[in-house]
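Participant: If you count by full-length UniProt numbering, then the sequence shown holds residues 1 to 258, one letter each, in order.
We put the CB at the ideal spot given by N, CA and C, even for glycine.
Quantities reported herein were computed from a predicted structural model and do not represent experimental measurements.
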Amino acid sequence: MLGPIDKSADKSIVDCGAWADHMPLPARCRDGKGAAGDECRKGGQVANEDYRKQGYAHLPALFPREVLLALYARMQADLKAQGRPLSSFAAQGPLLKRPALEVYAYQYAPLLGFLWGLTPRIADEVGAELLPTYAYFRAYQHGDVCRIHHDRPACEHSVSLTIAYGDDRPWALSVQTTPTETPRPEVTEDFGAEPYGSVAMQPGDGVLYQGTHHRHGRLDANPNSWSAHLFLHWVEKDGRYADHAFDRPAMERAARGQ
């Protein structure tokens, strides 16, 4: 059940499915001043240089956390009104050791608004014209990890966007800094001998990464009672994966019942 949101206080209280907890709203990049503000003002060219060199870039304060929390609260309320509480969206795949809550944009259309709306900004960061593919929400439990993996072609350029943490403890996403020309299907517990970098995100922060050709995942166990995230994906309009725009192949397979 959705917890109350105290609009008079400098915090928001959000319940994450079955893992309800209070999440304080930390102050960072609010006034654009000081070191944190300087980091928030880093623009496309800085991120683009990092992105092309190492396959990922930190995008601090990519989206206002208050807006993300409002989306999160509205999603829970809307799904509950439809008779599908967030806790009913538990799913488990090869990347996870136990179930997580996952809601895809085809199940909750407002998520597409974030994907489509961020397209021009992410295109500026990448330095190429992009088309959106798909998006989804995921909530992890305490102690969860995400095994190291490549993404499918629809994830040529991806953003992991942090919505909230149950205990306000940043949790890092790690990305291999050397590319793989041909993505591999295997899933591993770590990067082996390959170099990688990690970004511990605050709520509202994003990490832009080349998901199809750079392995990535979360090595450390989630230190929070729960955490909530959006994952947003694009392909280059004139690139090798252009036919995956709007996730057409996956949608066609779903329509055929495959």
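(1) Across the region 192–201 and the region 166–177, are there enough close Cβ pairs to call them in contact, namely three or more that are closer than 8 Å?
(2) Around the Cβ of Arg138, are there at least 16 other Cβ atoms within 10 angstroms (buried) or fewer (exposed)?
(3) Given Lys237, which residues of its chain have a CB within under 6 Å of its CB, disregarding the five upstream and five downstream residues?
(4) Leaving out five residues before and five after Pro64 in sequence, what residues of the same chain have Cβ atoms less than 8 Å from its Cβ?
(5) Okay, do the region 155–164 and the region 226–246 touch, 3+ Cβ pairs below 8 Å being the bar?
(6) Count Cβ pairs between the region 202–216 and the region 63–77 that sit closer than 8 Å; are there 3 or more?
(7) With a cut-off of 8 Å on the beta carbons, I'd call Phe114 and Leu232 a contact; round off their distance for me.
(8) With H, G and I counted as helix, E and B as strand and the rest as coil, what does DSSP make of Gln202?
(9) Could you give the DSSP three-state label for Gly197: helix, strand or coil?
(10) Since Gly113 is in the alpha helix (DSSP H), which residue starts that stretch and which ends it?
(11) Is Ala154 near Thr133, with beta carbons less than 8 Å apart?
(12) Just curious, the beta strand (DSSP E) that Glu189 is in, first and last residue?
(13) Is it buried or exposed for Gly211, if we count other Cβ within 10 angstroms and need 16 for buried?
(14) Under a three-way DSSP split, which group does Pro64 fall into?
(15) In its own chain, which residues sit with a C-beta less than 6 Å from the C-beta of Cys146, not counting the 5 before and 5 after it?
Facilitator: To lay it out plainly:
(1) yes
(2) buried
(3) The answer, listed in chain order, is Glu129, Leu131.
(4) Gly204
(5) yes
(6) yes
(7) 7 Å
(8) Note: Gln202 maps to coil in three-state DSSP.
(9) strand
(10) 110–126
(11) Yes, they are a contact pair.
(12) Element bounds for Glu189: n/a, residue is neither H nor E.
(13) Gly211 is buried by the Cβ-count criterion.
(14) Here Pro64 carries a coil assignment [DSSP, helix/strand/coil].
(15) Leu95, Gly217, Arg218
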